[in-house]
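Next up, the structure:
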């Protein structure tokens, strides 16, 4: 990605200037659509590496405003493979949920955070930090996991209720 981008005013949250946001844009030349994480601003001086962003608005999206954006991260276009995720969930269901990083550095840092009182245990610190990271770095994966987990639990509950009749 490089160059000039276009987005609809409807894609922008209220008062997005200077904030890190997720945004759908299209390349002005190729019309390719991207989902990105970016900072947007009307003033290019407020951004580290500004690129032009045309914001279209109005009932017919025929009014244009010049904005700028700093692209932080682009969606690589890889969709979550639901079948693979579901198979992985089934595999993990039959395994221990213990994760071993075998890392003195990670253990030291997690233990430090626990000793400082930020977490009740190293396990809680590890779970919390990993889940926060996964939610930020892989939001589509986390969302799909939640959907599959809810669907699985709903199916299990429905089966149990039918058996009890």
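Residue numbers (UniProt numbering): 1 to 165. The beta carbon of each residue, even a glycine, is placed where N, CA and C say it ideally should be. Bear in mind the structure is a predicted one, so any value in this text is a computation, not a measurement.
Original post:
Does the count of Cβ pairs from the stretch 58 to 66 and the stretch 87 to 102 closer than 8 Å reach three?
Top reply: As far as the Cβ criterion goes, the stretch 58 to 66 does not touch the stretch 87 to 102, which means the pair count is below three.
Subject >> residue 8, DSSP secondary structure in three states >> reply: Along the chain shown, read from residue 1 onward, the residue named residue 8 stands at position 8. Strand, per DSSP.
Subject >> Under the three-state DSSP convention, the category residue 64 falls into >> reply: Numbered from 1 along the chain shown, position 64 holds the residue referred to as residue 64. Correct three-state label for residue 64: strand.
**OP:** Use the C-beta contact count for residue 40: other C-beta atoms within 10 angstroms, 16 or more gives buried, fewer gives exposed.
**Re:** Within the chain shown, residue 40 is the residue found at index 40, counting from 1. Buried: at least 16 other Cβ atoms inside 10 Å.
Original post:
Do the stretch 43 to 61 and the stretch 8 to 26 touch if we need at least three Cβ pairs shorter than 8 Å?
Top reply: As far as the Cβ criterion goes, the stretch 43 to 61 touches the stretch 8 to 26, which means the pair count is three or higher.
Original post:
Quick one: Cα of residue 153 to Cα of residue 85, how far?
Top reply: Your numbering for residue 153 matches position 153 in the chain shown. Your numbering for residue 85 matches position 85 in the chain shown. Approximately 15 Å between the Cα atoms of the pair.
**OP:** Return the residue from the list 36, 55, 145 and 101 that minimises the CA-CA distance to residue 74.
**Re:** For the purposes of this step, residue 74 is taken as residue 74 along the chain shown, with counting starting at 1. Checking every option, the nearest Cα to that of residue 74 belongs to 36.
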